[in-house]
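S.K.: Mind the numbering: the first sequence is residues 2 to 286 in the working numbering, read in order. Note that CB positions come from ideal geometry on N, CA and C, so glycine has one too. Just so we're clear, the structure is a prediction, and the values are computed from it rather than from any experiment.
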Amino acid sequence: MLPLPDAAARDYDVVRRVIGFISGNAKAQPSLDTIAGHVGMEPMALQRLFTRWAGLTPKTFLQAVTLDHAKRLLDESASVLDAAIETGLSGPARLHDLFVTHEAMTPGAYKARGAGLTVRWGAHQTPFGTAVVFVTERGLAGVAFADRDVGEVLDDYHCRWPEAAFVEDAAATAPVAARVFDPARWAADRPLRIVLIGTDFEVRVWERLLTIPFGRAATYSDVAAGIGRPSASRAVGAAVGRNPISFVVPCHRVLGKGGDLTGYRWGLTRKRAMLGWETGLAARS
DNA sequence: AGGGCCCATCGCA
DNA sequence: TGCGATGGGCCCT
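Have a look at this one:
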């Protein structure tokens with residue numbers, strides 16, 4: 002049973018529709034009035050909602066989500082990325098971002114398929130819709146989005162770790178969810194512990210994603226080069242798509258080389274939402 | 001076999 | 001020029 006949607010979740014529903022509309026009519030550059038009309042809101046109300054959600058007006062958000070902007074973001078990020086990798090996960094480059102310490106369960110855990118693991122899960126409202134959060138004794142193990150039905154997400158994770166014991170325990174996951182999706186709580190206390198369960202290759206890709214700073218982006222081939230497999234960008238794409246801890250392991254910050262968003266496990270609209278949200282937050286500083 | 005890729009080429013306005 | 005469409009190579013499950 003889901004908790005009642007809070008303000009953030011209701012906001013996301015509007016945001017989702019707006020982004021869908023904008024990207025479907027990108028060429029037409031729809032005005033605020035047009036957009037508001039499409040979602041059945043007053044323009045001013047929509048404007049306030051967006052500003053509350055992302056710190057951006059819909060107009061600015063629209064610009065932040067275009068191909069041009071994505072290309073520029075990639076250009077600007079290229080230099081920053083090197084510095085971020087130097088300082089690693091705990092350095093000051095993580096300003097504005099979650100501090101994360103990670104541990105890998107590989108490849109034994111992959112083979113063991115979660116045997117001996119107790120996974121506690123709960124569904125929570127977030128700025129990007131309903132998320133199912135999975136935690137283990139060793140740390141946060143999964144974040145997944147459920148557009149319709151939490152059951153689909155559970156099936157998915159059951160398949161990943163078929164030998165693990167799953168226990169619904171929203172009381173255990175609620176604080177993690179609250180912290181992960183609330184920038185005000187980032188870096189406020191101890192680093193967030195996460196555990197990466199996957200093949201050797203996958204874990205290396207996911208670790209690499211953790212070095213992409215907040216509000217920036219990298220390409221699939223950047224990531225491939227970064228793990229010493231410069232020609233494996235396609236395999237990187239597949240591994241990125243299997244990232245079990247979405248948002249926390251920022252797979253939404255990986256774009257095609259030309260600035261295309263290419264794909265996202267939880268829907269391109271959500272990827273756009275995350276990128277735009279980060280842009281707004283980074284600009285606010 | 002088949003991907004959340006990438007590059008080169010080609011054809012068409 | 002620019003923008004699709006196509007084909008071949010690539011490398012991990």
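At 3 residues or longer, what runs of the beta strand (DSSP E) sit wholly inside the segment 161-243?
M.R.: 166-169, 193-198
S.K.: For F146 and F129, what's the separation of their Cα atoms in angstroms?
M.R.: Taking the first residue of the first sequence as position 1, residue 146 is located at position 145. Taking the first residue of the first sequence as position 1, residue 129 is located at position 128. For F146 and F129, the distance between alpha carbons rounds to 8 Å.
S.K.: Below 8 Å, how does it come out for the segment 126-144 and the segment 164-181: are there three or more Cβ pairs, yes or no?
M.R.: yes
S.K.: May I ask you to check if the CB of G281 is nearer than 7 Å to at least one heavy atom of the ligand NAP?
M.R.: Summarising the ligand content, the structure contains no ligands, and the ligand NAP is consequently not present.
S.K.: To the nearest whole angstrom, what separates the beta carbons of L197 and H70, a pair I think is in contact under 8 Å?
M.R.: As a position in the first sequence, residue 197 is number 196, starting the count at 1. As a position in the first sequence, residue 70 is number 69, starting the count at 1. Contact flag wrong, Cβ pair sits at about 30 Å.
S.K.: Straight-line CA distance for T119 to L256?
M.R.: By 1-based counting over the first sequence, the position of residue 119 is 118. By 1-based counting over the first sequence, the position of residue 256 is 255. In a straight line, the C-alpha of T119 is about 34 Å away from that of L256.
S.K.: Near R285, what residues of its chain come up, given a Cβ to Cβ distance below 6 Å and the 5 sequence neighbours on each side ignored?
M.R.: Along the first sequence, read from residue 1 onward, the residue named residue 285 stands at position 284. Correct list, in chain order: G56.
S.K.: Give the straight-line distance between the Cα atoms of W278 and W54, rounded to the nearest whole angstrom.
M.R.: The residue given as residue 278 occupies position 277 in the first sequence. The residue given as residue 54 occupies position 53 in the first sequence. Spanning the two alpha carbons is a distance of roughly 8 Å.
S.K.: If you draw a straight line from the alpha carbon of A37 to that of A8, how long is it in whole angstroms?
M.R.: For the purposes of this step, residue 37 is taken as the residue at position 36 of the first sequence. For the purposes of this step, residue 8 is taken as the residue at position 7 of the first sequence. Going from the Cα of A37 to the Cα of A8 covers about 19 Å.
S.K.: Taking contact to mean at least 3 C-beta pairs separated by less than 8 Å, is the segment 236-249 in contact with the segment 11-26?
M.R.: no
S.K.: Where does R121 fall in DSSP's three states?
M.R.: Looking up residue 121 in the first sequence gives position 120. Three-state DSSP puts R121 in a strand.
S.K.: Quick check on G56: does DSSP put it in helix, strand or coil?
M.R.: Here the question's residue 56 lines up with position 55 in the first sequence. G56: coil per DSSP, three-state reduction.
S.K.: Tell me, to the nearest whole angstrom, how far the beta carbon of V168 is from that of R121; I am working on the premise that it is less than 8 Å.
M.R.: On the first sequence, residue 168 is found 167 positions in, with the first residue counted as 1. On the first sequence, residue 121 is found 120 positions in, with the first residue counted as 1. Right, the Cβ-Cβ distance comes to about 5 Å (below 8 Å), so this counts as a contact.
S.K.: When the Cα of R209 is compared with those of A85, K60, A274, D261, which residue comes out closest?
M.R.: The residue labelled residue 209 in the question sits at position 208 within the first sequence. Per the Cα distances, A85.
S.K.: Where do the N-terminal and C-terminal ends of the alpha helix (DSSP H) with G115 fall, by residue?
M.R.: Residue mapping note: residue 115 aligns to position 114 of the first sequence, counting from 1. Counting along the chain, G115 falls outside any alpha helix (DSSP H), and DSSP gives it neither H nor E.
S.K.: Indicate the three-state DSSP secondary structure (helix, strand or coil) for V40 in the structure shown.
M.R.: Within the first sequence, the letter at position 39 stands for residue 40. Looking at V40 - three-state DSSP - the assignment turns out to be coil, as it is neither helix nor strand.
S.K.: Please identify the residue among R230, R73, H39 whose C-alpha is closest to the C-alpha of F202.
M.R.: Against the first sequence, residue 202 aligns to sequence position 201. The option with the nearest alpha carbon to F202 is R230.
S.K.: Let me check understanding here. Comparing Cα to Cα, which of D98, K28, H253, A46 lies closest to T67?
M.R.: Residue numbering aside, residue 67 sits at position 66 when the first sequence is read from its first letter. Per the Cα distances, K28.
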